[in-house]
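Residues 4 to 140, numbered by the numbering used here, are exactly what the sequence shown covers, in order.
Shown next, in structure tokens, is the structure this report addresses.
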Amino acid sequence: MTDAKRRIDALIARAVHPTTPEEEARTSALIAVRQARENGLTLVDAAAHAREIASLQNTIESLLATMPEPAEYAPPPPPPTARPRRKGEPFVTLVSKYDGKCKACSERYLSGDEIAWMRERGATHYACREWFYGVAS
Ligand SMILES: [Zn+2]
Numbered sequence: 004m005t006d007a008k009r010r011i012d013a014l015i016a017r018a019v020h021p022t023t024p025e026e027e028a029r030t031s032a033l034i035a036v037r038q039a040r041e042n043g044l045t046l047v048d049a050a051a052h053a054r055e056i057a058s059l060q061n062t063i064e065s066l067l068a069t070m071p072e073p074a075e076y077a078p079p080p081p082p083p084t085a086r087p088r089r090k091g092e093p094f095v096t097l098v099s100k101y102d103g104k105c106k107a108c109s110e111r112y113l114s115g116d117e118i119a120w121m122r123e124r125g126a127t128h129y130a131c132r133e134w135f136y137g138v139a140s
């Protein structure tokens, strides 16, 4: 609660207290209204707000109840599979089981990446194969 709101609450409490003298009650109420206006405070229907929040919570809970469990989401795509070897290609393409270093560009490839491999020359990124093996696509 802000200081302004705390002051206004205290003024209202004094204004409506049964033992506050009439004149002091009027003055307290007037100051409370002026301070509320100066601080941009307005009256709200707290009960209506509470009902609205409860309704939103119900909506959220019913939406959550109809959401599928994580296991029901689409399964992950299958891992890439090796492409069939094309006629004249000196290499095979496969999905690497290990991390390694590309013979063509010297950058790393990771387990699961598609690579081109030739027994005598080693492995390259799939994208580096044509340059390294001198084969046009
Ligand atoms: Zn490479």
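Glycine included, each C-beta is placed from N, C-alpha and C at the ideal position.
Reference residue i, options the options, closest by Cα
i, options, result
"Arg9", "Ala35, Arg88 and His20", "Ala35"
"Arg37", "Ile11, Gly103, Glu72 and Ala107", "Ile11"
"Pro93", "Pro87, Ala130, Ala53 and Tyr136", "Tyr136"
"Glu133", "Tyr112, Leu113, Thr96 and Arg111", "Thr96"
"Glu41", "Asp48, Leu33 and Met121", "Leu33"
"Ser114", "Pro79, Leu44 and Tyr101", "Tyr101"
"Pro87", "Arg111, Tyr76 and Trp120", "Trp120"
"Asp116", "Glu110, Cys131, Ser99 and Ala130", "Ser99"
"Arg17", "Thr5, Ser31, Asp6 and Ala7", "Ser31"
"Leu44", "Thr69, Ala7 and Tyr76", "Ala7"
Extent of the continuous beta strand (DSSP E) to which residue i belongs
i, result
"Val47", "Neither: Val47 is in no beta strand (DSSP E) and is coded neither H nor E."
"Thr96", "Val95 to Val98"
Run of the alpha helix (DSSP H) containing residue i, from where it starts to where it stops
i, result
"Leu113", "Note, Leu113: premise wrong, no alpha helix (DSSP H); not H, not E."
"Lys8", "Asp6 to Val19"
"Glu27", "Glu25 to Glu41"
Bridge partner(s) assigned by DSSP for residue i
i, result
"Lys106", "Paired residues: none, contrary to the question."
"His128", "Ile118"
Exercise. Answer yes if the region 13-30 comes into contact with the region 45-58, meaning at least three C-beta pairs across the two stretches below 8 Å, and no otherwise.
Key: no
Exercise. May I ask you to verify whether the region 121-139 touches the region 101-113, counting CB pairs closer than 8 Å and requiring at least 3?
Key: yes
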